[in-house]
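These protein sequences, in sequence, are chains A and B. In this text, residue positions in the first sequence follow this note's numbering: the first is 487, and each later residue adds one. In this text, residue positions in the second sequence follow this note's numbering: the first is 487, and each later residue adds one.
There are 2 protein chains.
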Amino acid sequence: MGKKIVIVGGVAAGPKAACRVKRLMQDAEVTIIDQDTLISYGGCGIPYYVSGDVSDEAELRSTSFHMVRDEAFFKNAKGVTVKSGTRALAINRQDKTVKVKVLASGEEQDIPYDTLMIATGSRPFVLPIPGADLDGVFTISDLHKAIEIKDRIAKGKVDKAVVIGGGAIGLEMAEAFKDLWGVTTSVVEFMPQVLPRIVDSPMASMLTKHIRDNEVDIFLGEGATEILGKDGKVTGLRTAERTIDADIVIMAAGVRPRSEIAADAGLQISPMGAIVVNERMQTSDPSIYAAGDCVEVMHLVTGKKFYAPLGSLANKEGRVAGDNMAGIPSIFKGAIGSFIMKAFEVCIAATGLSLEVALAEGYDADVALTAPSDRAHFFPTEAIVCFQMVFDRRTRKVLGLQGFGPMGDGISARIDAAAAYISMGASIDDFGTLEMAYAPPFSAAIDSINALAYVADNLCDGRLRKTSLDIFLAWMEDFSTQSDWLALDIRHPIEAGPFVEKFGADKWLAIPYNEIRVRYKELPKDKKLIILCDAGTRSFEMQTFLDSVDIRNTQVVSGGLNMIRRMGVDWYPG
Amino acid sequence: MGKKIVIVGGVAAGPKAACRVKRLMQDAEVTIIDQDTLISYGGCGIPYYVSGDVSDEAELRSTSFHMVRDEAFFKNAKGVTVKSGTRALAINRQDKTVKVKVLASGEEQDIPYDTLMIATGSRPFVLPIPGADLDGVFTISDLHKAIEIKDRIAKGKVDKAVVIGGGAIGLEMAEAFKDLWGVTTSVVEFMPQVLPRIVDSPMASMLTKHIRDNEVDIFLGEGATEILGKDGKVTGLRTAERTIDADIVIMAAGVRPRSEIAADAGLQISPMGAIVVNERMQTSDPSIYAAGDCVEVMHLVTGKKFYAPLGSLANKEGRVAGDNMAGIPSIFKGAIGSFIMKAFEVCIAATGLSLEVALAEGYDADVALTAPSDRAHFFPTEAIVCFQMVFDRRTRKVLGLQGFGPMGDGISARIDAAAAYISMGASIDDFGTLEMAYAPPFSAAIDSINALAYVADNLCDGRLRKTSLDIFLAWMEDFSTQSDWLALDIRHPIEAGPFVEKFGADKWLAIPYNEIRVRYKELPKDKKLIILCDAGTRSFEMQTFLDSVDIRNTQVVSGGLNMIRRMGVDWYPG
């Protein structure tokens, strides 16, 4: 008989490890234990199931060749035994057994193992507020809940939905409610922006505007204080600022590692509650592995452990665990925190550290912004994309990249290339010469990622002096009290005209880019000039010229009006 | 007065360097010399101008903010002097002057420089065959030729076109002729595949099939021997095998560096005729820089110099030259040879080394193939993509990646990430854990690039034994004489059925994937089993199982029927 491999948890990391170890050791007895009856599903697909993009939940449990991954499938195709509806209660490390309870019968058993793997995943965080237990309050934690939510919508029971949490799952669920089903939908986010810590505020603002343009309300900086109900059923949500009617409330306030069984067995647990593993996905007990949402992994930028509950990482970690359980010394070096999300017609993505996180981690961090064409600007399908690079001024290392643009794979191309590059320690200079495959239907001769590195390079070397978007927008909000600066708009007169008309030429001066070299003497010398164009590129060029004629009190708005327009400021003309 | 910077060549690298150096040294006198009257254009856009995707040639000479890059633009916006219609005749390194001739007047001048840059680009290779000088024979070398080609088509003078050369420009031109204008179009390629040396034969075959499906004839392994004409005008093309009627012949047989002026000045030139530069784009004369299609650069995989005439590299090299001319020690480390092309509804791309090139370079090279879904297989826009990874068995380094799939940016996302990773020396194992940003609308939890690395890992460690597509297809072509092997088709019976019916169960045995573990005793032990599924993944899994029951004479066809179907074999049922 071969080795007994027992795996607790049957969603992502568990099945992946089970199948891998079985392929490597066909004589092993591999058993997966899961308390649920539905296993091995694509949890990240739940919003698309609720929206109707995926018509049947079974598709989330099927292989690419359309077999449903149930107990029979694992038995017949994989040679792996699945005990579903079976809860793991405790690990006896001395005897090398797992005590389980068959939920249907209540029967308890001790299952022996040679090697154990814990893949217990995560659980959604339930806010400790009144009403959290009302009928109609859901977390997005398993397929059963997803099926019930969709069932309620399909039966016409949902007219108004509130989502607590402006993270990825919350926003995807909001789109699912609104886009196909036309449900009146609101999102309440405690932090002052959506996707907190994942992207920085300019990116979050562009996303927020797009979602609001699609008629989903987003309330930022508002914590849910109470879920209201009547006769045991949800009727609304209260924040400090307002009450919102609702037939359904989705709590999408993040997840926590499900590590109790590991903690109870005395395995090492991190301060935030995740199971501690080494590069081989081995816990503090060499006979016990762990992977997926229940563990913490190394961050490839900070070199510190972090919590990254993602199905894509769970699968990779699961394969490494499978290798090691079979005696192949594979390594999972860590993760970089790549993120991508569709929202109606746009895509937002990030990898590495945000500026906020980088500063909190102690880097001498700064950001470069740009908003160029995503492909040759003469190619018919061209569109503007907005990118932000986070870098360290001292080491010139790139720490992160964020992108926002039209739906498609153009943003992911840049984010994925950046993830690969950053994980290898790439610098601004590496990014400047990174070779993105070029042809006009796909990219620009100077790719947006190269252009971004050029901005970072000029910033880092002190050649480019900028105003951050946040500061500029704050000035514009408090326009009447600001008298020490003047906008210098170097775009085409047709573009600049409405701004001059609205704000007056003493506040918003328009001189076209190609006339500055002869007309610079018109510029006032007693005020700071904020140079503005579409993306910031021409502004920098004119800043270098103005320096040469001793007009040095200038600042560039990187990202320019392409980004400002997408952020949805109320002072924008027209 | 500032430094005198003179730049010979005004298309890509030249203007980029000129504008960069001017931004860095506003007091420099920067002059661009070009013999053409049209400068600073996107040459890679010519096929899209001919096709009509780009309506006006001026768009290829315009900025993203719609200013035409002519002499006035460079003067007013950039502060750079352009002398167009002016040919550089010779460099006097002693006196630091360039002798030029104003083509309109015939006047000659000596232009002094402190620093000179050569950006003379490339010229198309003109085949030394009879008829190459007939009216109607064109190379794709400048905008004037493109304008004339489009003019002839638009005036109805072109019914039949022949393109010599199945490289990127040739195939793009063929699509331009056929797709919008409906011109009867043929491509003649001397080598036995399109895109020779860029991609390997399975990828080239899929592309060829798709282009042929779009009614462009492609003749492989046929050299053009003579261009036929009447009254000085083209009437056709002759190869050893056939004569093809034509009103127009496009010679797209590659380009050669235009380095005569550098050679005449005694600068170091490579054996293939490119100007030799260091990492700072400096020639063997420290006062003379060079960049773009006239230089050779370092290959980041082989560590050898190579010739990579691409507009995207020209721009990057130009910026580095500009930096160094201004005293900033920037470095252009080299290139990796990334390539991407649209062809009707598909995209093909590559980075790094092809198998053919890798073997020629002496690597212990092999390939992994796979053909999975490009995103979550349950997501509505999912499609099959085909990838090939080239790796070195000894070092486990990844040497190259090739991809083929539907038009869009999904292929470039993988190629660009691979380019970044490979240029940093990434191994198969790095690719296995590469974190591609994951959400169902964009990618699969196990991304195609990870899946490919898994195949390579299993191959490298000897766990996966394969038959190459080439060998399998050769066997199938010579089916009747092959008796020592048997196809084992493990797909769904509906998929396998037509094959069994066509080839007979003694040659094409169908047992579904999920029944092998109980039915393996039905397998003959005296024959080699070629295991087939859609992508190769299930085949490998069954190979590991069959090994465990001592049926070891098996081979997997990686890439599987997903790739074979796209390669257009004539034995494919239905």
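Backbone N, C-alpha and C define an ideal beta-carbon position, used for all residues, glycine too.
- Taken in chain order, the complete alpha helix (DSSP H) segments of 4 or more residues contained in the region 688-776 of chain B are 746-750.
- Cβ proximity to chain B below 8 Å picks out P858, S859, A862, H863, F864, F865 and P866 from the region 844-874 of chain A.
- For A:V674, the enclosing beta strand (DSSP E) starts and ends at T670 to E675.
- For a cut-off of 8 Å, the C-beta gap from B:K1013 to B:D970 is around 6 Å, short enough to register as a contact.
- Beta-bridge analysis with DSSP links B:N578 to B:T583.
- For A:E1001, at least one C-beta of chain B is nearer than 8 Å to its own C-beta.
- DSSP assignment within the region 791-832 of chain A yields the following whole beta strand (DSSP E) runs of 3 residues or more, N-terminal first: 825-829.
- For B:V843, the secondary structure class from DSSP, reduced to helix, strand or coil, is helix.
- Restricting attention to beta strand (DSSP E) runs no shorter than 3 residues, the region 880-932 of chain B encloses them at 884-892, ordered along the chain.
- If only uninterrupted alpha helix (DSSP H) runs of at least 4 residues are considered, those enclosed by the region 957-993 of chain A are 979-989.
- Listed along the chain, the chain B residues whose CB falls inside 8 Å of the CB of A:A503 amount to none; the nearest CB is some 13 Å away.
- Contacts with chain A at 8 Å (Cβ-Cβ) do not include B:I834.
- With a beta-carbon spacing of about 7 Å, B:C872 and B:G891 fall inside the 8 Å limit used to define contacts.
- About 6 Å separates the Cβ atoms of A:F551 and B:D1020, confirming a contact at the 8 Å cut-off.
- Residue-level contact by beta carbon holds for B:M922 and chain A, with a gap shorter than 8 Å.
- Non-local C-beta neighbours of B:E594 in its own chain, meaning closer than 6 Å and more than five positions away in sequence, comprise K587, ordered along the chain.
- Contact check for A:A710 against A:T721 fails: the beta carbons are separated by 8 Å or more.
- Excluding its 5 nearest sequence neighbours in each direction, A:L786 has C-beta neighbours in its own chain below 6 Å: G820, I822 and S909, listed in chain order.
- Restricting attention to alpha helix (DSSP H) runs no shorter than 4 residues, the region 561-647 of chain B encloses them at 629-640, ordered along the chain.
- Residue nearest to B:A563 within the set B:K508, B:I935 and B:D539 is B:K508 (criterion: CA-CA distance).
- By the Cβ neighbour-count rule, B:H863 is buried, with 16 or more other Cβ atoms within 10 Å of its own.
- In terms of beta-carbon proximity, B:N810 stays away from the interface with chain A, with every pair separated by 8 Å or more.
- The alpha carbon of B:M758 has as its nearest neighbour, out of B:I734, B:Y793, B:A738 and B:G538, the alpha carbon of B:Y793.
- A:M692 and B:R882 have their alpha carbons spaced roughly 43 Å apart.
- With a cutoff of 8 Å on beta-carbon distance, A:A854 and A:L945 are scored as near each other.
- Within chain B, the residues F864 have their CB atoms less than 7 Å from the CB of A:V540, given in chain order.
- In this structure B:S929 touches B:R861 by the C-beta definition: roughly 5 Å separates them, less than 8 Å.
- Out of A:G652, A:R506, A:M784 and A:G500, the CA that lies nearest to the CA of A:V674 is found in A:G652.
- The continuous alpha helix (DSSP H) containing A:V941 extends over residues S934 to C946.
- Following the DSSP letters along the chain, one finds A:D878 inside the beta strand (DSSP E) bounded by residues C872 to D878.
- From the beta-carbon of B:E1027, the residues of chain A found nearer than 7 Å are R509.
- For the pair A:I1017 and A:L955, the CB atoms are not nearer than the 8 Å cut-off.
- Here DSSP, grouped into helix, strand and coil, assigns A:G1046 to helix.
- Taking a C-beta distance under 8 Å as the contact criterion, B:G496 and B:S570 qualify as a contact pair.
- Proximity of B:N801 to chain A, defined by a Cβ-Cβ separation below 8 Å, is satisfied.
- Residue state for B:S1034 is assigned as helix, using DSSP reduced to three classes.
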